[in-house]
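Chains as they are written, first to last, in my numbering: chain A, 3 to 324; chain B, 6 to 324.
Here's what the structure looks like:
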C-alpha cells in the first residue's frame, strides 16, 4: 500500500514492483543497526564490518571458511530413534523437527566434517542455533560421539563450535543423558592423546555448557557470546537484583578465568591452526589462503558410511578477497 | 503430618479418626474405637487407591514432600562411622552437598548427596539442596579420594537443580558440573546412585553418572522442572501438569526407557508415611549392588559405566 500502488496505473506499477532478486539482500546489524549487503556480510563471515558484532553463521558456511579451499567431507552420524517420548506441547515434536529441517536443510542441530585446516588434518563439529535453538538431543549426542570416534580413528584433533539453548526438552531424560554421553566422547579424545578445542559461540547455555562445551583442552569464545549455565532472566528472577554489565558474556568469563581466549571469527582459523600445530608438535603453519589438498585425504575413502562427495567451497569469493 | 493438596479427602478422614479418639480419651465411658477403626480402614483404602495411581505431577509433589526422608536421614539410618568431609579447597564449603567417609554394612565407602534441609533454618543453610560450583568441586574431591583408596562411591540425589545465582555463574557452575560428570565416568571404583526425591537436571547428572542407578518409586528425574518446561514450551507456568506428563519423568518411565536400573518400592502412601521402611529398602538394594560390583577391576568398572550410557536412548518408549 505505498504510493505506487495507490497512484500509479497497474501496468506501470508492475514495472516498478517487479522483483528479480530475493528479498533478503540486506541485513540489519542487531548491534549497530547498519544495513549490510549480503555479499559483504557473507565475505566477512557474518561479522558486521562496521562494529564487529558476530551474527550467527551456519555450520556449512563456517566449514566452507574453515577448511582449506572450503573443501571438507561430512562425517556420517547414526540416526537416533525419532521422537522417543511422542512429545507434544502446543505442537508435536515431529512437526517442529520437520519445520526445522525444511528451514535449515540439515538433519539436526549438528554437522560433523573432516578435512584440512591450514594443511592440518582435523575433524570439526559445529552446532546450528537456527535448528531448534541448537538444542542437544540424541542426534547431537550421536554427532559428538561420531566426531570423537572419527578423530580417534584418524588420529586427528577435534575442533567443536558450540551454540545451543541447552538440552532438547522434547526428548526429556534422554536429552539429559547426552551430558554423560558427550562427556564420554571427550574422554575418548583425551585417552587417545588428541587435542579437543572448543569454540563457544553465541549463545552456549544450559546442559551443553555443563558438559562437552566446557571440557576443552583449550577454550576459545567468539566476542560477545552469551555463555552460561542458567540464563540471565532465570538468575534475575531468583536473586531479584540487577546483573552487572556484560554478565555472562565471553569477555566477562575471560575475566573470571573461565576461558583461555576471546577471538574474532575472522582470526579464528589462523589461531586454531597455530594452537593445534603446537599441541601436535608439528612445524609452524603455512600462512595464507590455501587451495584444497591435492589428493583427497587418505581417510576419506575408508570412512564407513561417510559421504564421499566433498562439498565445493561456497566461500571461495571470501577467501580470494583478502 | 503435612498433607498434599490431592490428599485432602484423606486428611479429613484421618482427622476425624483422631478427633474421635481424642474424644474417647476425654470421655472414657464412650466407645469410639469401633468407629475410629472403621475410619482408619477407609483411610488406608483411600491411601492405597490414591498412591496406586499417581499422575506424573502428583509424583512431583510427593518427590518434593517436606516429610520425605532426605540425604541426611539416609546417612543416619543406613551408614555407620559417618565422618563428614568439608570444602572444595578453592573457595568454600557448600552446605547443599553432604559427603564423607562412612561404612555401609561394614564396608568403608564414600557417601555424597544433596541435602535439602527439614525446616526453614536448615533449608536456608542447605540452600534447598541447590549446589553451587563449590558443592560439585567438593564432590569431585571426595570422589577422587575414594578412587585413590579403593572405596566405592554411593550418591544420594535430591536436588531441584544447580543453583542459578550470580556468584555460582561467575565461579563456573557449568564447568563444575561438567567436571563432576567427567569424574563419575573416570572412577575406577564402583559407583552407585539412588534418586531419593528430585533428580533435577544437570545438577543431578553430576552425581548420578554411576554403574547402577536406582530411583524411589515416587521420585522424579528430569531435564527440566515441569514448571520450567511449561513456561518455556506452553508459555504458561500453570501448565505444569501437562508438562510433567509430557516429560516422562517418573521412575516407571525412566525404567521403561532403560535410563535407570531399578525402581525401589515405597511404603503405601509414599516414603514419608514410613520413613524407616523406605530407607531400609534402599539400604538393602545398595548392599546387594555393592556385593555384585565390589572387587571388580577398575578398567571393567569404567567400561561398564561407559557402555551403559553410550547405549542409552537406542530405544524409545514402547509404542
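Ideal Cβ placement from N, Cα and C applies to all residues, glycine included. What you are looking at is a predicted structure, and each value in this text was computed from that prediction instead of being measured.
Asked, Found
"Can you give the Cα-Cα distance for residue 8 of chain B and residue 51 of chain B, rounded to whole angstroms?", "14 Å"
"Helix, strand or coil for residue 200 of chain A per DSSP?", "strand"
"When you compare the CB of residue 236 of chain A with every CB in chain B, is at least one pair closer than 7 Å?", "yes"
"Indicate whether the contact test is met: 3 or more Cβ pairs, each with one atom in the region 58–74 of chain A and one in the region 116–135 of chain A, closer than 8 Å.", "yes"
"Is there at least one Cβ from chain A nearer than 7 Å to residue 305 of chain B's Cβ?", "no"
"Three-state secondary structure (DSSP) at residue 37 of chain A?", "strand"
"For residue 104 of chain B, collect the residues of the same chain with a Cβ closer than 8 Å to its Cβ; drop the 5 residues on either side in sequence, then sort them by chain order.", "89, 90, 115, 116, 117, 118, 143, 144 and 147"
"Mind checking which residues open and close the beta strand (DSSP E) that includes residue 220 of chain A?", "220–223"
"Run through the region 26–112 of chain A for me and flag every whole alpha helix (DSSP H) of 4 or more residues, listed as ranges in chain order.", "40–45, 61–68 and 95–106"
"DSSP state of residue 214 of chain B, grouped into three classes?", "coil"
"Can you give the Cα-Cα distance for residue 61 of chain B and residue 186 of chain A, rounded to whole angstroms?", "31 Å"
"Under the three-state reduction of DSSP, which class applies to residue 301 of chain A: helix, strand or coil?", "The predicted position of residue 301 of chain A is uncertain, since its pLDDT is 46 and thus under 50; a value taken from the coordinates is nonetheless stated next. Residue 301 of chain A falls in the helix class under three-state DSSP."
"So, with DSSP's three-state summary, where would you put residue 69 of chain B?", "coil"
"List, in chain order, every chain A residue whose beta-carbon is nearer than 8 Å to that of residue 314 of chain B.", "179, 182, 183 and 186"
"Write down the C-beta distance between residue 221 of chain A and residue 200 of chain A rounded to the nearest angstrom, noting that I regard them as a contact closer than 8 Å.", "5 Å"
"How far does the beta strand (DSSP E) with residue 202 of chain B in it reach, from first residue to last?", "196–205"
"With 7 Å set as the bound, which would you pick, yes or no: does the beta-carbon of residue 211 of chain A sit closer than that to a beta-carbon of chain B?", "yes"
"In chain order, what residues of the same chain have a beta carbon less than 8 Å from the beta carbon of residue 106 of chain A, not counting five sequence neighbours either side?", "60, 130, 132 and 133"
"What do you reckon, are the CB atoms on residue 160 of chain B and residue 182 of chain A nearer than 7 Å?", "no"
"Between the C-alpha atoms of residue 86 of chain A and residue 227 of chain B, what's the straight-line distance to the nearest angstrom?", "15 Å"
"The ligand NAP and residue 133 of chain B: does any heavy atom of the ligand fall closer than 6 Å to the residue's C-beta?", "Here there are no bound small molecules, and the ligand NAP is not part of this structure."
"Can you round the beta-carbon distance between residue 1 of chain A and residue 78 of chain A to whole angstroms, since I take them to be within the 8 Å contact cut?", "Absent from the structure is residue 1 of chain A, since the part of chain A shown begins at 3 and ends at 324."
"Using the Cα positions of residue 109 of chain B and residue 83 of chain B, report the straight-line distance between them to the nearest angstrom.", "7 Å"
"Between the region 219–237 of chain B and chain A, which residues of the former have a C-beta closer than 9 Å to a C-beta of the latter?", "226, 227, 228, 229, 233, 234, 235 and 237"
"With respect to the alpha helix (DSSP H) encompassing residue 152 of chain B, which residues constitute its N-terminal and C-terminal limits?", "138–153"
"Under a three-way DSSP split, which group does residue 317 of chain B fall into?", "coil"
"Could you work out which residue in B:42, B:65, B:25 and B:15 is closest to residue 55 of chain B when comparing CA atoms only?", "B:15"
"According to DSSP, is residue 207 of chain A part of a helix, a strand, or is it coil?", "strand"
"To the nearest whole angstrom, what separates the beta carbons of residue 128 of chain A and residue 163 of chain A, a pair I think is in contact under 8 Å?", "4 Å"
"Can you pull out the residues from the region 121–154 of chain B whose beta carbon lies closer than 7 Å to at least one beta carbon of chain A?", "none"
"Let me confirm a value: residue 166 of chain B is counted as buried when at least 16 other C-beta atoms fall within 10 Å, else exposed. Which label applies?", "buried"
"Taking Cβ-Cβ distances shorter than 9 Å, what residues in chain A pair up with residue 182 of chain B?", "181, 209, 211, 212, 213, 216 and 231"
"What's the C-alpha gap between residue 76 of chain A and residue 82 of chain A?", "18 Å"
"In three-state terms, what does DSSP make of residue 250 of chain A?", "coil"
"Excluding the 5 residues preceding and the 5 following residue 144 of chain A in the sequence, name in chain order all residues of the same chain whose CB lies nearer than 6 Å to its CB.", "79, 80 and 82"
"If you measure beta-carbon to beta-carbon, which residues of the region 239–251 of chain B are closer than 7 Å to chain A?", "239 and 251"
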